[in-house]
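Engineer: Line by line, the protein sequences are chains A and B.
Using this note's numbering, the letters of the first sequence map in sequence onto residues 35 to 462.
Using this note's numbering, the letters of the second sequence map in sequence onto residues 35 to 462.
Just so it is clear, CB atoms sit at the ideal spot from N, CA and C, and this is done for glycine as well.
Let me give you the structure first, and then I'll get to my questions.
2 protein chains.
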Amino acid sequence: MPDPLRLGLAGLGTVGIGVVKIVQRHAALIAARAGRPVQIVAVSARDRTRTRSADISAYAWEDDPVRLAARPDVDVFVEVMGGSDGPAKAATEVAIAAGKDVVTANKALLSHHGQALALAAEARGRTIRFEAAVAGGIPVIKALTEGLAGNAVRRVLGVMNGSCNYILTRMETAGLPYATVFEEARGLGYLEADPTLDVGGIDAGHKLALLAAVAFGTRVHFEQVAIEGIERVSIEDIRHAGDMGFRIKLLGVAQMTGRGLEQRMAPCLVPADSPLGQLPGGTNMVVIEGDPVGQIVLRGPGAGEGATASAVMGDVIDLARGIRLPVFGQPAAALANPPPAVLAAPAPYYLRLALIDKPGALAKVAAALGDAGVSIDRMRQYGHAAPEAPVLIVTHKTTRDALDHAIAAFATSGVVVGEPVALRIEAV
Amino acid sequence: MPDPLRLGLAGLGTVGIGVVKIVQRHAALIAARAGRPVQIVAVSARDRTRTRSADISAYAWEDDPVRLAARPDVDVFVEVMGGSDGPAKAATEVAIAAGKDVVTANKALLSHHGQALALAAEARGRTIRFEAAVAGGIPVIKALTEGLAGNAVRRVLGVMNGSCNYILTRMETAGLPYATVFEEARGLGYLEADPTLDVGGIDAGHKLALLAAVAFGTRVHFEQVAIEGIERVSIEDIRHAGDMGFRIKLLGVAQMTGRGLEQRMAPCLVPADSPLGQLPGGTNMVVIEGDPVGQIVLRGPGAGEGATASAVMGDVIDLARGIRLPVFGQPAAALANPPPAVLAAPAPYYLRLALIDKPGALAKVAAALGDAGVSIDRMRQYGHAAPEAPVLIVTHKTTRDALDHAIAAFATSGVVVGEPVALRIEAV
């Protein structure tokens, strides 16, 4: 049997403990598939004394992940601490400088510093693997960089934050308002310590930026992702959408257009009977549209101990087998760097606004849309108790620019109260 | 730029022409991802003069695929001719003997001769890749052997024959009988020249045998797959199933049990609202249940020029990158060889039979089931014009053995006409 592959594991939270368990429980299986044993030799975490659900007593302990990353007995540095900067970044840089490969679940780190880290790793003939950073247990990075490598990707889209999908699904099925379900999700531990990372779309935006890089062979640019969270989606929006045969999902879409790379993460309406529309609870889904393959749909658990640890181990086993591809599938120095093309592609939109109930109000709204070049597919005014009438509009295909012009005109029309909700209807 | 990877392409049917087109259209993209150019140097097919939808004039021509396989200027032999024996097998053996890697879409060849071919290739330090042989454009072999390699697979199941799924879906949506839709599908060119390969479940059985081998690290044993086709599924079965919230799919299931490896391909009832139940038309789906990942669902086009060529090129690009794993993910000599355990796991069953309309008939059927230890969950007798009454039974969980005992007793009961239809209800 060849030499074992030796892991240094930084982070013993949910994912780290999941990795410990899988290395221990499936040692024989992993050795058979990898062609050599995979061992954890050293670990680090914030608190050595904390009670953990796996036995880590056989591993060397480091208080400092940077020291762990530099250990000469570590072949692969496994970083599952999280955080875009600070110790995770420092330790990863040290591991690369010390000639180690890195496996990480850290989407924040890579979406902010991926290009620099990839250049550093590839300059030393090493790589960084990050299957666990995107869509949990779904092997989507591998699918894009390897299995579907013969395809020109046209579009990649998906639901990549299970907590948001849980909240939206639960709002619909239980008929509860956003605030109630948000508190429920927080109580269940479904949300990050800073929940705006989830409901603000930032965590999912990190994942989309990584997905776009491997799908299109482009440099990762998280700052070019147009992000909207789910905080303004109301139970009424969910009901109206349902009436028209749609569901609302926090959807990430990356698409190469004639004007550049479009990356957006926002609540969208998708057909209720599409695979994305039918996705329940905390599950993730990624849809890949490629030439010549057509549409490939991947679905699975987006988070949790087992799913994320499975993704980490897939990467570790590849390294044990001696497979070492460039970080983003192509050498980082050769990645394209197209301009951002935010919301270039036209689409129909769902628009909900509160109208002052007086004669001619609806006409003013219709006129503002017409002046902006936005044509109306359907419009409904609902019965109401409040002084404002809820009005629902579905537009024909339009650009976001044109729609924003109309919304700006609403503000000065004197008949629209507050900020309208505008959600794109995505064809899938 | 390093040396190109040189392909010899045997077969210029739908898949072969798809490969030619993708190599030509995406040459730059493929070179960027593979790190080197990929070229076709020589081709072979039955008829040189046939008009084709791609320009093959730049490639050397061989009338005999065996000569193509032996050419010194070929690095990878791409076999997309088909057939379990004959020229495909001879040429593949020659390619391996000549020290070439092989990429194939040939499920019949590998499900019959996979172990011997893998041993031969691995003895020479070469490999055989077959992503295109299973589930068309879905990168499922890669997902099982690499992305999910850290998992102990519990069960793998799926819809892997698009033509059968088309027929069953069309029967349901158009309300047409099997024979009509079968002729329709044949007219549309959806069926193999010998259609029993499709509707008899043999093609899908080949795919299941390959999937089981990579999922469980076992030798491929197509002859151990219990196969039933869709020929006896009636429009009434589809309607009855629908009434109870199920859809009928030709479902392949491979499962490791305490008594060995269970492999079966048969029409089954699956919940209508499950991903498998919702799968339309010619699409394929594979569901992987692993520890610790949980459930991963992969969906995509199961056949056709683009989908299959995409899978071939994924394999080719891996070889161009220097990635050369064992054929079935682990060395063929080390694959396990568990006994077959046909239908070991108990399940509820759907049973439709024709009952002679006389007093006590239903009681005799119920007694036969009770005597065999099969308990009844639901039973319905339908109104009828014919002398026989259609009776529908859903059993509680039972073994196939017990059910077969009951069915044998029906035959001698004097009240059941013809052969009952028995379909497993699969939990997914």
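Measure how close the beta-carbons of Val408/B and Leu387/B come, nearest whole angstrom, since I'm counting them as under 8 Å.
Structural biologist: Here residue 408/B is taken as the residue at index 374 of the second sequence, counted from 1. Here residue 387/B is taken as the residue at index 353 of the second sequence, counted from 1. In fact, because the Cβ distance is near 13 Å, the residues do not count as touching under 8 Å.
Engineer: Return yes when the Cβ of Gly116/A is within less than 8 Å of the Cβ of Ala122/A, no when it is not.
Structural biologist: Position 88 of the first sequence, counted from the first residue, corresponds to residue 122/A. Position 82 of the first sequence, counted from the first residue, corresponds to residue 116/A. Against a cut-off of 8 Å, the Cβ pair of Gly116/A and Ala122/A comes out as a contact.
Engineer: From Pro301/A to Leu43/A, what distance separates their C-alpha atoms?
Structural biologist: Along the first sequence, one-based indexing puts residue 301/A at 267. Along the first sequence, one-based indexing puts residue 43/A at 9. One C-alpha to the other measures close to 36 Å.
Engineer: Does the count of Cβ pairs from the stretch 150 to 168 of chain B and the stretch 327 to 337 of chain A closer than 8 Å reach three?
Structural biologist: Segments in contact, no.
Engineer: Buried or exposed for Ser91/B, going by 16 or more other Cβ atoms inside 10 Å?
Structural biologist: Here residue 91/B refers to the residue found at position 57 of the second sequence. Ser91/B should be labelled exposed.
Engineer: For the pair the stretch 360 to 375 of chain B and the stretch 290 to 310 of chain B, tell me if three or more CB-CB distances fall below 8 Å.
Structural biologist: Flag = yes, the stretch 360 to 375 of chain B and the stretch 290 to 310 of chain B touch.
Engineer: Note down, one range per segment and in chain order, each beta strand (DSSP E) of at least 3 residues found wholly within the stretch 45 to 117 of chain A.
Structural biologist: Counting only runs of 3 or more, we get 72 to 78, 94 to 96 and 110 to 113.
Engineer: The stretch 288 to 312 of chain A: which residues have C-beta closer than 9 Å to a C-beta of chain B, in chain order?
Structural biologist: Answer set for the stretch 288 to 312 of chain A: Asp307, Pro309 and Gln312.
Engineer: State yes or no: is the C-beta of Arg412/B within less than 8 Å of the C-beta of Val428/B?
Structural biologist: Within the second sequence, residue 412/B is the residue found at index 378, counting from 1. Within the second sequence, residue 428/B is the residue found at index 394, counting from 1. Yes; because the gap between Cβ atoms is below 8 Å, this pair is in contact.
Engineer: Can the beta-carbon of Arg458/B be found closer than 8 Å to that of Ala381/B?
Structural biologist: As a working mapping, residue 458/B is identified with position 424 in the second sequence. As a working mapping, residue 381/B is identified with position 347 in the second sequence. Cβ distance < 8 Å, so Arg458/B and Ala381/B count as in contact.
Engineer: Taking the DSSP output, what are the residues bridged to Val193/A?
Structural biologist: Along the first sequence, read from residue 1 onward, the residue named residue 193/A stands at position 159. DSSP lists Met319/A as partners of Val193/A.
Engineer: At the 8 Å Cβ level, is Leu182/B part of the contact set with chain A, yes or no?
Structural biologist: Mapped onto the second sequence, residue 182/B falls at position 148. With 8 Å as the cut-off, Leu182/B counts as an interface residue toward chain A.
Engineer: Give every residue of the same chain whose Cβ lies closer than 6 Å to the Cβ of Pro99/A, excluding the five residues on either side of it in the sequence, and list them in chain order.
Structural biologist: By one-based count along the first sequence, residue 99/A stands at place 65. Answer for Pro99/A: Ala44, Ser78, Pro121 and Ala125, listed in chain order.
Engineer: Roughly how many angstroms lie between the CA atoms of Pro374/B and Asp237/B, to the nearest whole one?
Structural biologist: Position 340 of the second sequence, counted from the start, is the residue given in the question as residue 374/B. Position 203 of the second sequence, counted from the start, is the residue given in the question as residue 237/B. Pro374/B and Asp237/B: Cα-Cα distance of roughly 20 Å.
Engineer: Using DSSP with H/G/I as helix, E/B as strand and the rest coil, what is Arg458/A?
Structural biologist: The residue you call residue 458/A lines up with position 424 of the first sequence. Looking at Arg458/A - three-state DSSP - the assignment turns out to be strand.
Engineer: Just reading off the alpha helix (DSSP H) that Ala249/B is part of, what are its end residues?
Structural biologist: Counting from 1 along the second sequence, the entry for residue 249/B is found at position 215. Its alpha helix (DSSP H) spans residues Ile236 to Phe250.
Engineer: Would you say Pro373/A faces chain B, with C-beta separation under 8 Å as the test?
Structural biologist: Walking along the first sequence from the start, residue 373/A turns up at place 339. No, because no Cβ of chain B sits closer than 8 Å to the Cβ of Pro373/A.
Engineer: Assign Thr291/A to one of three DSSP states: helix, strand, or coil.
Structural biologist: Taking the first residue of the first sequence as position 1, residue 291/A is located at position 257. Thr291/A falls in the strand class under three-state DSSP.
Engineer: What does DSSP give as the partner residues of Met299/A in its beta bridges?
Structural biologist: Here residue 299/A is taken as the residue at index 265 of the first sequence, counted from 1. Answer by DSSP bridge pairing, in chain order: Ile261/A and Gly286/A.
Engineer: Output the distance between the C-alpha atoms of Asp81/B and Val108/B, rounded to the nearest integer angstrom.
Structural biologist: If you number the second sequence from 1, residue 81/B lands on position 47. If you number the second sequence from 1, residue 108/B lands on position 74. In a straight line, the C-alpha of Asp81/B is about 21 Å away from that of Val108/B.
Engineer: Using three-state DSSP, classify Gln149/B as helix, strand or coil.
Structural biologist: Position 115 of the second sequence holds residue 149/B. Reduced to three states, the DSSP call for Gln149/B is helix.
Engineer: How about Glu226/B: is its C-beta nearer than 8 Å to some C-beta of chain A?
Structural biologist: Here residue 226/B refers to the residue found at position 192 when the second sequence is read from its first residue. So no, Glu226/B is outside the interface.
Engineer: Along chain A, which residues have their Cβ under 7 Å away from the Cβ of Gln58/B?
Structural biologist: Here residue 58/B refers to the residue found at position 24 when the second sequence is read from its first residue. Those do not exist, as Gln58/B stays about 12 Å from chain A at its closest Cβ, beyond 7 Å.
Engineer: Taking C-beta pairs closer than 9 Å, name the residues in chain B that Arg113/A reaches, listed in chain order.
Structural biologist: Position 79 of the first sequence, counted from the start, is the residue given in the question as residue 113/A. The sequence shown places Glu at residue 113/A, not Arg. Those do not exist, as Glu113/A stays about 17 Å from chain B at its closest Cβ, beyond 9 Å.
Engineer: If I measure Cβ to Cβ from Gln347/B and keep anything under 6 Å in the same chain, skipping five residues before and after, which residues do I get?
Structural biologist: Position 313 of the second sequence, counted from the start, is the residue given in the question as residue 347/B. Looking at the sequence shown, residue 347/B is not Gln but Met. Excluding residues within five positions, the ones whose Cβ falls inside 6 Å are Ile56.
Engineer: Going along chain A in order, which residues have a C-beta closer than 9 Å to the C-beta of Glu165/B?
Structural biologist: Here residue 165/B is taken as the residue at index 131 of the second sequence, counted from 1. Those within 9 Å of Glu165/B in chain A are Gly181.
Engineer: In chain C, what lies closer than 7 Å to Met194/B by C-beta?
Structural biologist: Absent here is chain C; the protein component of the structure consists of chains A and B.
Engineer: In the stretch 308 to 382 of chain A, which residue ranges form an unbroken alpha helix (DSSP H) of at least 4 residues, counting only runs that do not cross its ends?
Structural biologist: Within the stretch 308 to 382 of chain A, the complete alpha helix (DSSP H) runs of at least 4 residues are 339 to 354.
Engineer: Roughly how far, in whole angstroms, is the beta-carbon of Ala76/B from the beta-carbon of Leu102/B, given that I think they are within contact range, below 8 Å?
Structural biologist: Your numbering for residue 76/B matches position 42 in the second sequence. Your numbering for residue 102/B matches position 68 in the second sequence. The Cβ separation is near 6 Å, so the contact holds.
Engineer: Can you give me the C-alpha to C-alpha distance between Glu217/B and Gly234/B, rounded to a whole angstrom?
Structural biologist: Locating residue 217/B in the second sequence gives position 183, counting from the first residue. Locating residue 234/B in the second sequence gives position 200, counting from the first residue. One C-alpha to the other measures close to 15 Å.
Engineer: Closer than 8 Å by beta-carbon distance: list the chain B residues that pair up with Ser344/A, in chain order.
Structural biologist: Start at 1 with the first residue of the first sequence, and residue 344/A comes out as number 310. Within chain B, the residues near Ser344/A are Leu182, Gly184, Asn185, Gly324, Pro326 and Val327.
Engineer: For the stretch 129 to 148 of chain A, list every residue whose C-beta sits within 7 Å of some C-beta in chain B, in sequence order.
Structural biologist: The residues in question: there are none.
Engineer: Drop a sphere of 10 angstroms on the beta-carbon of Gly452/B, count the other beta-carbons inside from all chains shown, and report buried for 16 or more, exposed for fewer.
Structural biologist: On the second sequence, residue 452/B is found 418 positions in, with the first residue counted as 1. Exposed: under 16 other Cβ atoms inside 10 Å.
Engineer: On a CA-only basis, which of Arg70/A, Arg253/A and Gly170/A is nearest Gly336/A? Give me that one, please.
Structural biologist: On the first sequence, position 302 is the one that residue 336/A refers to. Checking every option, the nearest Cα to that of Gly336/A belongs to Gly170/A.
Engineer: According to DSSP, Glu422/A sits in a beta bridge with which residue or residues?
Structural biologist: For the purposes of this step, residue 422/A is taken as residue 388 along the first sequence, with counting starting at 1. Answer is Ile390/A.
Engineer: Are Ala20/A and Ala402/A close, meaning C-beta to C-beta below 8 Å?
Structural biologist: Outside the shown range of chain A (35 to 462) lies residue 20/A, about which nothing can therefore be said.
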